[in-house]
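Protein chains in written order, with this note's numbering: chain A, 2 to 121; chain B, 2 to 121. Every residue, glycine too, gets a C-beta built ideally from N, C-alpha and C. Keep in mind that this is a model prediction, so the values were computed, not measured. Notes to accompany the following structure.
Protein chains: 2
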Amino acid sequence: MPSEPDPLSATFAALADPTRRAILARLTKGEATVLELAAPFGISLPAVSKHLKVLQRAGLITQGRKAQWRPCQLSAGPLKDVDEWLERYRRFYEESFDRLDEYLQETLRESKETEHDDRS
Amino acid sequence: MPSEPDPLSATFAALADPTRRAILARLTKGEATVLELAAPFGISLPAVSKHLKVLQRAGLITQGRKAQWRPCQLSAGPLKDVDEWLERYRRFYEESFDRLDEYLQETLRESKETEHDDRS
Numbered sequence: 002m003p004s005e006p007d008p009l010s011a012t013f014a015a016l017a018d019p020t021r022r023a024i025l026a027r028l029t030k031g032e033a034t035v036l037e038l039a040a041p042f043g044i045s046l047p048a049v050s051k052h053l054k055v056l057q058r059a060g061l062i063t064q065g066r067k068a069q070w071r072p073c074q075l076s077a078g079p080l081k082d083v084d085e086w087l088e089r090y091r092r093f094y095e096e097s098f099d100r101l102d103e104y105l106q107e108t109l110r111e112s113k114e115t116e117h118d119d120r121s
Numbered sequence: 002m003p004s005e006p007d008p009l010s011a012t013f014a015a016l017a018d019p020t021r022r023a024i025l026a027r028l029t030k031g032e033a034t035v036l037e038l039a040a041p042f043g044i045s046l047p048a049v050s051k052h053l054k055v056l057q058r059a060g061l062i063t064q065g066r067k068a069q070w071r072p073c074q075l076s077a078g079p080l081k082d083v084d085e086w087l088e089r090y091r092r093f094y095e096e097s098f099d100r101l102d103e104y105l106q107e108t109l110r111e112s113k114e115t116e117h118d119d120r121s
């Protein structure tokens with residue numbers, strides 16, 4: 002039997018699905034019931050409930066106790082952990098961006114020089 | 002047959018494993034061969050190769066063409082997409098932090114007032 006995943010793995014696994022990400026996006030606008038969450042996706046209530054369970058286990062949503070409605074709320078704590086995990090990788094994609102920027106600056110300078118040469 | 006996942010789902014799925022995250026962390030220090038990547042984990046080469054394939058399919062690593070060594074390199078582009086995806090959630094965990102900060106400030110103020118009351 003596979004052991005319980007570590008919290009960060011559970012978060013990433015929960016985010017690896019476009020429907021679950023869309024549910025989180027919907028919850029940024031405020032709490033919503035399972036019915037409200039199911040509506041835009043055209044999927045069955047059991048399918049939505051399954052997605053909600055994955056999100057809940059990862060700590061990304063909480064579900065109220067009010068028997069009939071049980072509205073879901075976003076719980077963004079685990080996303081902060083993702084943000085912190087990203088920290089050590091930032092310089093790698095920021096560097097790539099810097100290199101692109103350098104290249105564009107270089108190209109711009111060269112094209113200006115050419116322009117200048119043409120005039121002289 | 003399940004369809005190919007969208008790029009962001011593929012990235013999150015690739016990150017949902019502690020060994021694959023450790024491989025990425027190792028590659029922040031520079032390129033490494035499959036043998037070098039396998040060494041610290043005490044897992045078989047085929048198991049490491051499987052992890053590398055998942056990372057490669059998600060665009061998180063690239064593997065050189067030099068037949069014998071084929072060193073792997075970090076490719077951080079997809080992590081930038083994760084960073085951008087996080088953007089709309091940031092205010093939720095930053096707000097939570099602000100609320101904690103407010104609570105601490107409040108507690109501090111109250112404890113100072115108590116101190117003051119004790120003296121007067």
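Across the structure, Glu37 (chain B) and Pro41 (chain A) are spaced so that their CA atoms are roughly 48 Å apart. When 8 Å is used as the limit between beta carbons, Pro8 (chain B) is near no residue of chain A, the shortest such separation being about 11 Å. Within chain B, the residues Tyr94 have their CB atoms less than 7 Å from the CB of Lys81 (chain A), given in chain order. Sequence-distant partners of Ser76 (chain A) (beyond 5 residues in either direction) whose C-beta falls short of 8 Å from its own C-beta, in its chain, are Gly60, Leu61, Ile62, Thr63. Distance from the CA atom of Asp82 (chain A) to the CA atom of Leu9 (chain A), rounded to whole angstroms, is 7 Å. In this structure Ala15 (chain A) does not touch Leu46 (chain A) by the C-beta definition: roughly 19 Å separates them, more than the 8 Å allowed. Under a criterion of Cβ atoms nearer than 7 Å, the residues of chain B adjacent to Leu16 (chain A) are, in order, Phe13. Asp84 (chain B) sits close to Leu87 (chain A), with the two beta carbons spaced by under 8 Å. Leu28 (chain B) is a Cβ neighbour of Cys73 (chain B), given a cutoff of 8 Å. Taking a C-beta cut-off of 8 Å against chain B, the contacting residues of the region 24 to 43 of chain A are Leu25, Ala26, Thr29, listed in chain order. For Thr63 (chain A), the enclosing beta strand (DSSP E) covers residues 62 to 64. For Thr12 (chain A), the enclosing alpha helix (DSSP H) starts and ends at 8 to 16. At a C-beta separation below 8 Å, Leu105 (chain A) has no neighbours in chain B, since its nearest C-beta there lies roughly 17 Å away. Residue environment analysis places Ala26 (chain B) among the exposed positions, since fewer than 16 neighbouring C-beta atoms fall within 10 angstroms of its C-beta. Excluding the 5 residues flanking it on each side, Val35 (chain A) has same chain C-beta neighbours closer than 8 Å at Leu46, Val49, Ser50, Leu53, Arg71, Cys73, in chain order.
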